[in-house]
Amino acid sequence: MFLREMGVDESHCYSTRSPSTIPTLMPQTVTNEVIAMPDPSNKNSSAADAGSAGPGHRLTQRASATEPVAPLEKTLSDAPSTEVFAVFGVEPEIQAYAMAKYSRSSLSMKESLREISTQKAEKFLNTFYFQYGHRSIADLAHIALAVERLSILAAIEVADEQRWDGQERSTRYQDFKKSGYFTPDFGADDEGRTLYRETLDFLFAEYEALSAHMAGYLISITPKPADMKQDAYERTLKARAFDITRYLLPLATNTSLGEIVNARTLETQVAHLLSHTHKEVRVLGESLKKAATGAAYNVNAESLQDLVAAIRAVNPELGARAEQELLREVRVAPTLVKYADPNEYEMATRRELRQAARELMADEPLAPSKAIVDLLDEESLEVEIATTLLYEHCHHSYRQIRQAVQVAGERRRREIIDLGLRHRGKHDEMLRGFRAGQQFRFDILMDTGGFRDMHRHRRCIQVMQGFTTQHGYEMLLDMEDAGVRGRFEAAMRRVQTAVESLAKRGTPEAEENSQYAIPLAFRKRALFKMDFAEVVYISELRTTPAGHVSYRNVAYAMYEAVARKYPALAKYFRVHDVTAPVDLLQR
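Residue 392 in this note's numbering is what sits at position 353 of the sequence shown, and the numbering runs on without skipping anything.
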């Protein structure tokens, strides 16, 4: 979802790729003594490679006492022999194998790639990745995947991976009126299905009508500069209108996204999706697994087919060979992702932590929120872990949950932590709730549309609560200025009633199905944990005038909270004043 809503260069899209290892030049002592070295153990290294080492980075090889030693001045002055090259046209798993061989072989990358076959790579990966547990090998296989016509709800879950790089359709620059929406499985509940579809059809009709109304209103109050083209003028104000009316889009809205992940991240992502509470997300996890292990889409297939046909017309034998080489089926991760299955640790722990949260918070009503951003004060690590483990399984604020955890006592606190680890298997990472100890922790309550923008930030820990209508909704003042506040609020009330009715249907996954009808205007909680540099980064980036007012306010509130607690650090923030007027034509 990166860059989806911003009109500026989003340099915050962090890559999860490891930096290249840079060889260190070690000081060398030059003497007249020549030390004979044993024969290289790798007989595949060519003589040409050995002879081409030259000064700079020298190969270890045997020398006779009669060979002159290169003067130090010449060694230092010559160009370095380090070779750097990009690799193209290699399937992800074969590339991972070739890179992994650096650890076990003295072969160059080019030599490794020449001697690797698909079958040999699969055998290697089965042995070292699955049997020996060298899981970092999968970090070297990067895979590009396209996911089209999934709901916004499912897209949020796909992107909820800290090591994820991706991009989603923008609600600012695209009109979603023709996107359609996802309908969950209501089984035999025809009445529930009818209510659901009527509610979503109503929301999309309102989205279309109010988008046109708001675009016309913004055009009426914003003069076109003489040097601005008419199409650019209208396009810019329509984008501003979509920023306002996106609040009407339900979580069921169809969207599309692309992701580039390494195979280990994909394996973890697929297992998480297969373990999810929503059927659509579970099916999506299976689809990602099939896409990675099955035949990949070849963008050049049509032109290559024409080329093969032309070759075959001239030389049938050569045409058959060209077909075998150019049109062979490619599978991007047939080995590394094939064992991705539902995660029993995640599913069993979720059931027990949900029950623990219900028991602990049963008599606690949701306290009215006094601020959209709450910078939490410090507590013991045990209290933080126990509170965070329960946080995502209810809709209470972090402070409310923490208070209940502290009152429950040390024994109950340790029982909660034990629940988080009781079902952990040999290869399971700890749950996200255990990623604790960060200095800056923010409990944020904001509209779901704005959360999607904040969700892009990867250099922090995010713990999401579920989607709900219990926290109310947001509405931009532009709607009041345009005279449609009453219409918008009536729509929100109607939808909230429908969502609550759908959640009580008593059918399997009734509550999960009802969440698809929730518009992006409704608020949800999320816990953000980070270091000081990330607080500064988010505050600076997300307060720029080009951004959406929702996350601009959140980012500025983060800055204000830190400035109050650490006034000496406030001067290091280069934030924008969110109360200053915004030029609607500046992107």
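The beta carbon of each residue, even a glycine, is placed where N, CA and C say it ideally should be. Here the structure is a predicted model, which is why all the values come from computation and not from measurement.
When C-alpha distances from G489 are compared across E245, R526, S589, the shortest belongs to S589. When only Cα atoms are considered, G333 and T222 end up about 27 Å apart. Contact between M597 and F481 holds: their C-beta atoms lie close to 6 Å from each other, under 8 Å.
Out of I195, R451, Y378, A600, the CA that lies nearest to the CA of Q504 is found in I195. Counting every other CB atom within 10 Å of its CB across the protein chains shown gives Q509 a total below 16, marking it as exposed. When DSSP states are grouped into helix, strand and coil, P547 belongs to the coil group.
About 23 Å separates the CB atoms of L290 and I500; that is not less than 8 Å, and the two are not in contact. Annotation note: the segment 436-471 contains the following uninterrupted alpha helix (DSSP H) runs of length 4 or greater, listed N- to C-terminal: 437-447, 449-458.
At a Cβ-Cβ threshold of 7 Å, R461 and R303 do not count as neighbours.
As summarised for the segment 125-193, the continuous beta strand (DSSP E) elements at least 3 residues long and confined to that stretch are 181-190, given in chain order. When Cβ pairs closer than 8 Å are counted between the two stretches, the segment 361-374 is seen not to touch the segment 440-449, the count staying below three. Only exposed fits K329, as fewer than 16 other CB atoms lie within 10 angstroms of its CB. Taking 7 Å as the cut-off, the beta carbon of F473 is found no closer than this to the beta carbon of I411. Here the alpha carbon of R581 sits roughly 15 Å from the alpha carbon of V601.
When the five nearest sequence neighbours on each side are left out, the beta carbons in the same chain lying within less than 6 Å of the beta carbon of D467 are those of Y384, in order along the chain. Of all C-beta pairs linking the segment 543-553 to the segment 315-331, three or more are shorter than 8 Å, placing the two stretches in contact. Under the rule that a run must span 4 or more residues, the alpha helix (DSSP H) segments found entirely inside the segment 359-413 read 383-400. Put simply, the segment 264-273 does not touch the segment 195-211. Fewer than three CB pairs are less than 8 Å apart. Here L399 has A443 as same chain residues with Cβ atoms under 6 Å from its own Cβ, once five neighbours each way along the sequence are excluded. Counting along the chain, the unbroken alpha helix (DSSP H) around L327 starts and ends at 318-332. If you keep only unbroken alpha helix (DSSP H) runs of at least 4 residues inside the segment 211-243, you get nothing at all. Counting C-beta pairs with one atom in each stretch, the segment 337-349 and the segment 133-149 have fewer than three that are closer than 8 Å, which means they do not touch. Contact check for L458 against L392 passes: the beta carbons are separated by less than 7 Å. Every alpha helix (DSSP H) stretch that sits fully inside the segment 490-539 and reaches 4 residues is listed by chain position as 516-520. As DSSP reads the structure, M569 sits in a beta bridge with F479.
Beta-bridge analysis with DSSP links Q206 to G297. For V534, the CB contacts under 7 Å within the same chain, skipping 5 residues up- and downstream, are T238, L242, A556, P558 in chain order. Distance between A139 and R370, taken at the CA atoms: about 19 Å. Boundaries of the alpha helix (DSSP H) harbouring F281: 269-284, taken from the DSSP string. With respect to the 7 Å criterion, L296 and V186 are classified as neighbours on the basis of their beta carbons. When the Cα atoms are used, F612 and A542 turn out to be separated by approximately 44 Å. The beta carbons of T275 and L624 sit closer together than 7 Å.
By the neighbour-count definition (other C-beta atoms within 10 Å, threshold 16), M485 is a buried residue. Its chain contains S578, E579, T582, Y595, Y598 as the residues whose beta carbon lies nearer than 7 Å to that of V614, once the 5 sequence neighbours on both sides are disregarded; these appear in chain order.
Comparing C-alpha distances from S419 to each of D413, A560, R452 shows the shortest one belongs to R452. Around F225, the same chain offers G231, R232 as residues with beta carbons nearer than 6 Å, after the five sequence neighbours per side are excluded.
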